[in-house]
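Reading the sequence shown from the start, the letters are residues 391 to 718 in this note's numbering.
The C-beta atom is built at its ideal place from N, Cα and C for all residues, glycine as well.
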Amino acid sequence: MRFVKPKSKETMKFITIAVILMIVVSTYLFDPFSYHDDIKREYYAEQAVLKAQQEAQKFDPVAEDYFTKNPPKMVYPDNGEMYFEAPVEAVIEPTLDPVIKDPLAKRSAKIAIVIDDVGMNRKWSKASIDLPAGVTLALLPYADKVREDAKAARERGHELIIHTPMEAMNPDLDYGGMSLMTSMSLKELSQAFDKITQTFDGYKGVNNHMGSKLTQDEDAMRQLMSILKTRQLYFLDSKTIHTSVAPQVAEDVGLPYAVRDVFLDHEDTPEYVAHALSEVERIAAEYGQAIAIGHPKENTIEALQKWLPTLKDKGFELVPMSELVVTP
């Protein structure tokens, strides 16, 4: 029997090294993503997530939460280069951010002040007309001198809207002989509104005087919104009741609309009005706009006379009501 001579230690060492080298070369040649690449990918993925979260924090806390729950997706282009792309839905442009944390820096927070019931109290209605032109005046159609007041207000540059009497939950209230009621047919509603619109000229929109019952009635509001749309008027929901359906119906019909944020004089005291004006500033600073409704009362008008001149230095802009309506 012939015996094979055992290989030397040096030969065995050489073979071992060669095998290891072959494995390593094979891995790099035939595995498109080596162990080293895996490490790099994990690192860059972590960095992409962190960067996305940091960018989101600059704009919106909601976006930060979205990035946390929906990390960026890794994409492998044909050329083999790796990059990371956040979902399209998560992209937030800073210029579209509606939250204004520092109105002095952006100077774009807008405030609309509407004075309701103009024409009833002669002294303070005149004082309302004497307010800066950016204040919107809502004239009651059954006021004695409504046409005269409307002419004076237009000459001062005010935007006018019709403070339209609408049915309230309390059946004993006085509507001044003209009101829109839930029991009216479309024809009756249209005729009643025609009568209201003939009391003065130059109005751009409508808001509700009372109306806690009518603004909850979807059918009646749909009829009214259709009438307003044909006349190219907007609707401001005074929000005399929190269950009003006016905004939803206006959206469905395609009518420009807005909703009141703050009542300035729900309580007729200087302290209440001052607090309400502070709330207007807070809402405008946070959301970029605010809509407030007040009345021709001594405490309200005197507070506005002092407060309105301060808005520009605070970074707010007084605008007519029509600038803040939503157009569906």
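Check whether residue i and residue j have beta carbons under 8 Å apart
i           : j           : result
residue 628 : residue 650 : yes
residue 598 : residue 554 : yes
residue 501 : residue 716 : no
residue 504 : residue 589 : no
residue 606 : residue 635 : yes
residue 711 : residue 614 : no
residue 592 : residue 544 : yes
residue 596 : residue 616 : no
residue 674 : residue 499 : yes
Proximal residues to residue i (C-beta, below 8 Å), its chain only, five neighbours per side dropped
i           : result
residue 489 : Caution is warranted here: a pLDDT of 41 is assigned to residue 489, below 50, making its placement in the model unreliable, and the coordinate value is therefore given only provisionally. Correct list, in chain order: 450, 676, 677, 678.
residue 559 : 602, 603, 631
residue 659 : 689
residue 656 : 662, 666
residue 493 : Here residue 493 scores only 42 on pLDDT, less than 50, and its place in the model should not be relied on; the value that follows carries that caveat. The residues are 499, 674, 675, 704, 705, 706.
residue 633 : 606
Residue span of the alpha helix (DSSP H) that contains residue i, given as start and end
i           : result
residue 583 : 576-587
residue 665 : 660-677
residue 696 : 688-697
residue 559 : Element bounds for residue 559: n/a, residue is neither H nor E.
residue 649 : Looking at the DSSP string, residue 649 is not in any alpha helix (DSSP H); the run it does join, the beta strand (DSSP E), is 647-649.
CA nearest to the CA of residue i, picked from the options
i           : options            : result
residue 568 : 530, 544, 499, 576 : 530
residue 622 : 506, 594, 586      : 594
residue 647 : 507, 618, 579      : 618
residue 577 : 596, 610, 557      : 610
residue 672 : 580, 513, 706, 514 : 706
residue 539 : 513, 556, 557      : 513
residue 533 : 507, 541, 592      : 507
residue 694 : 509, 499, 526      : 526
residue 713 : 633, 698, 624      : 624
residue 516 : 692, 608, 645, 699 : 692
Close-in-space but distant-in-sequence residues of the same chain around residue i (CB under 6 Å, 5 per side omitted)
i           : result
residue 582 : 570
residue 708 : 501, 524, 701
residue 654 : 663, 666, 682, 684, 690
residue 580 : 617
Residues of its chain near residue i, where Cβ-Cβ distance is below 7 Å and the 5 sequence neighbours each way are ignored
i           : result
residue 586 : 531, 552, 554, 568
residue 479 : Residue placement at residue 479 is flagged as unreliable, the pLDDT there being 30, under the threshold of 50; the coordinate-derived value follows with that caveat. So no residue of the chain qualifies.
residue 557 : 569, 570, 571, 572, 601, 603, 604
residue 608 : 635, 639
Limits of the beta strand (DSSP E) - the one that residue i falls within
i           : result
residue 508 : 499-508
residue 552 : 550-556
residue 572 : Run containing residue 572: none; DSSP gives neither H nor E here.
residue 594 : 593-600
residue 627 : 624-627
residue 633 : Segment: none, residue 633 is in no beta strand (DSSP E) and carries neither H nor E.
Chain C contact for residue i (CB, 8 Å cutoff)
i           : result
residue 572 : The structure shown contains no chain C; it is built from a single protein chain.
Heavy atom of the ligand SAM within 7 Å of residue i beta-carbon
i           : result
residue 514 : Only the bare structure without any ligand can be found here, which leaves the ligand SAM out of the picture.
Exercise. Could you say if the segment 659-668 and the segment 636-650 meet the contact criterion of at least three C-beta pairs nearer than 8 Å?
Key: no
Quiz item: Can we say the segment 520-530 touches the segment 545-563, given the rule of at least three CB pairs closer than 8 Å?
Solution: yes
Quiz item: Taking contact to mean at least 3 C-beta pairs separated by less than 8 Å, is the segment 681-689 in contact with the segment 563-574?
Solution: no
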